[in-house]
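What follows is a set of notes on a single structure, which appears directly below.
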Amino acid sequence: MLGAPPPPPPPNVPPLEEDEAGAAPTSLREKMEQHRRNPVCATCHTEMDQLGFAMEHFDAIGQWRETDRGADINATIEWAGRTIDSPRTFREALVAKGDEFERTVVEKLLTYALGRGVDYYDAPTIRGIVRDLAGSDYRWSAIIEGVVTSMPFQMRRAADPADQPATTAAADAGQ
């Protein structure tokens with residue numbers, strides 16, 4: 304989330320325990336506590352789980368929810384010296400950390416838009432887009448505009464048609 308992927312998990316990590324039949328449902332947060340109790344797992348999970356817990360009220364497609372599998376969601380965390388208890392306080396904490404988050408989002412979106420990884424020569428473009436975000440209150444539309452008006456995006460080459468997979472006659476006929 305902040306541009307630093309976690310290290311790979313250690314070998315032979317046991318799966319999370321399943322809920323017992325007839326027991327009260329276990330929330331994802333309660334399940335992840337299992338990892339944080341294991342010293343081998345705690346090193347990474349203590350930090351990265353917190354960020355996930357802060358967004359736990361959102362389901363897989365971004366809809367707000369109050370429960371997870373019947374258990375109430377607790378999305379309150381302590382992170383970066385702050386108590387985060389809502390999407391607003393999470394946003395404020397991310398913005399307070401400087402441009403780490405914005406830079407990561409711009410890099411990922413530029414990577415997607417270019418169809419390739421970013422390289423050293425893309426750094427000035429990324430810095431420029433991030434610098435301009437503050438003036439737009441970090442709006443998503445400003446990030447997209449910065450990417451699509453950037454020199455790397457404007458100058459990218461279209462894929463060679465010879466490298467594209469062959470289409471079927473039905474697809475060509477619009478069926």
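Position 168, counted from 1, in the sequence shown is what the working numbering calls 471; the numbers after and before it change by one each time, with no gaps. No residue lacks a Cβ here, since even glycine has one placed at the ideal position from N, Cα and C.
Residue from the options whose Cα sits closest to the Cα of residue i
i    : options                   : result
L305 : P318, Q353 and H338       : Q353
L413 : A383, N315 and Q457       : Q457
T407 : I432, I376 and G418       : I432
R332 : I446, G355, E381 and I387 : G355
E410 : Q337, V316 and A426       : A426
D375 : T329, L319, P309 and D388 : T329
P311 : E323, D362, M351 and A399 : M351
G418 : P455, H360, W443 and G438 : P455
P309 : V316, N341, P342 and T346 : T346
P390 : A416, F361, Y415 and A399 : F361
Straight-line gap, residue i to residue j (C-alpha atoms, nearest Å)
i    : j    : result
Y424 : D435 : 19 Å
M358 : R460 : 37 Å
T452 : G401 : 24 Å
P313 : G384 : 29 Å
T428 : A445 : 14 Å
D440 : T392 : 15 Å
Q366 : R430 : 32 Å
V421 : G373 : 42 Å
H348 : T379 : 16 Å
E403 : L397 : 8 Å
D521 : P318 : With the chain covering only 304 through 478, there is no way to say anything about residue 521.
W443 : E395 : 16 Å
H338 : C344 : 5 Å
R340 : R368 : 27 Å
Beta-ladder partner(s) of residue i, from DSSP
i    : result
F361 : W367
I446 : None; I446 has no bridge partner.
E381 : T386
Per-residue DSSP class, three states only, for residue i
i    : result
E425 : Inspection of the sequence shows that residue 425 is occupied by Asp rather than by Glu. Helix at D425.
A374 : strand
E321 : coil
R332 : helix
V343 : helix
L305 : coil
P455 : helix
V409 : helix
D352 : helix
D402 : coil
With 16 other Cβ atoms within 10 Å as the buried cut-off, status of residue i
i    : result
M335 : buried
E405 : buried
G449 : buried
K388 : What sits at residue 388 in the sequence shown is Asp, not Lys. It is exposed - the Cβ of D388 has fewer than 16 other Cβ atoms within 10 Å.
Proximity test, residue i beta-carbon vs the ligand MG heavy atom, cut-off 8 Å
i    : result
P308 : Only the bare structure without any ligand can be found here, which leaves the ligand MG out of the picture.
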